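Numbering follows numbering that gives the first Met the number 0, in which position 15 of the sequence shown is assigned residue number 14; successive positions increment by one, without gaps. Following: one structure in structure tokens, then a few remarks.
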Amino acid sequence: MPKLRNTISHMSNGTDDTEPPIAGQLRSAGLRATRARIAIGEALTEADAPMGLADLATLLEHQQLPRSTVFRAVSELTTAGILNRYEFEEGFARYEIANGARGHHHHFICRECRGVLDLDGLGELERHMGRAEASIETTHGHVVEGHRLDLFGLCSRCASDAKKAQDRNAGRNSDKRGNRQ
Ligand SMILES: [Zn+2]
Ligand SMILES: [Zn+2]
């Protein structure tokens, strides 16, 4: 196994400096570094939230990658564990690099604009979850391999828009009352 890895890295000598991280992940998964797989990996590395297939395919259109090629590559990368697939009750799935630079994290889904945001700084929650997982293992004997947690609500922008609209309505109502007097 180490020998095979040496051979491959020798073959790709000279490109190592510019090699995207996804290339290494593909190699470890035993997948060939095709143009589509690399492009998907790079696009999702740069994305600041998980992306749907349609958006991803549109983003990669200028690289002359047919949509069917993108769809197939995404499904292969998901099966290989390189991509995480999420369902946020939107009627379509979103994808994200499984072991990206952000590491383990959770998502906030805005019910108004349907934006999906990565959440950082949940260290306290993760420590609680770690203890809960350990206790599930001791109490029930289940082997916990991880957890997923989505938070829903209004993003800061939609929340402030909603508040402004509310204030406007309140103002209008008090005007009406004022006129009546
Ligand atoms: Zn929003
Ligand atoms: Zn977590």
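The C-beta atom is built at its ideal place from N, Cα and C for all residues, glycine as well. None of these values were measured; they are calculated from a predicted model.
Checklist line | Residue range of the alpha helix (DSSP H) that includes F70 | finding: 66-78
Next item on the list: Using 10 angstroms around the beta-carbon of A35, count the other beta-carbons present and answer buried if the total reaches 16, otherwise exposed.
Entry: buried
Note to self: With H, G and I counted as helix, E and B as strand and the rest as coil, what does DSSP make of A97?
What the structure shows: coil
Check: Tell me which same chain residues have a C-beta within less than 6 Å of the C-beta of L148, skipping the five on either side of it?
Finding: H105
Next item on the list: Give every residue of the same chain whose Cβ lies closer than 7 Å to the Cβ of A79, excluding the five residues on either side of it in the sequence, and list them in chain order.
Entry: A28, L30
Next item on the list: Could you name the residues of the same chain whose beta carbon sits closer than 8 Å to that of A195, not counting the 5 residues immediately before and after it, in chain order?
Entry: Outside the shown range of the chain (0 to 180) lies residue 195, about which nothing can therefore be said.
Next item on the list: Round the Cβ separation of V69 and L55 to the nearest angstrom and send it over; I've been treating them as touching at under 8 Å.
Entry: 6 Å
Margin query: Residues around ligand 1, please: the ones whose beta-carbon is closer than 5 Å to some heavy atom of it, in chain order.
Written below: C109, E111, C112, G114, C154, C157
Note to self: Taking the beta carbon of P65 as the centre, do at least 16 other beta carbons fall within 10 Å, making it buried, or is it exposed?
What the structure shows: exposed
Notebook entry, point to check: For ligand 2, is there a heavy atom less than 7 Å away from the beta-carbon of M128?
Noted result: yes
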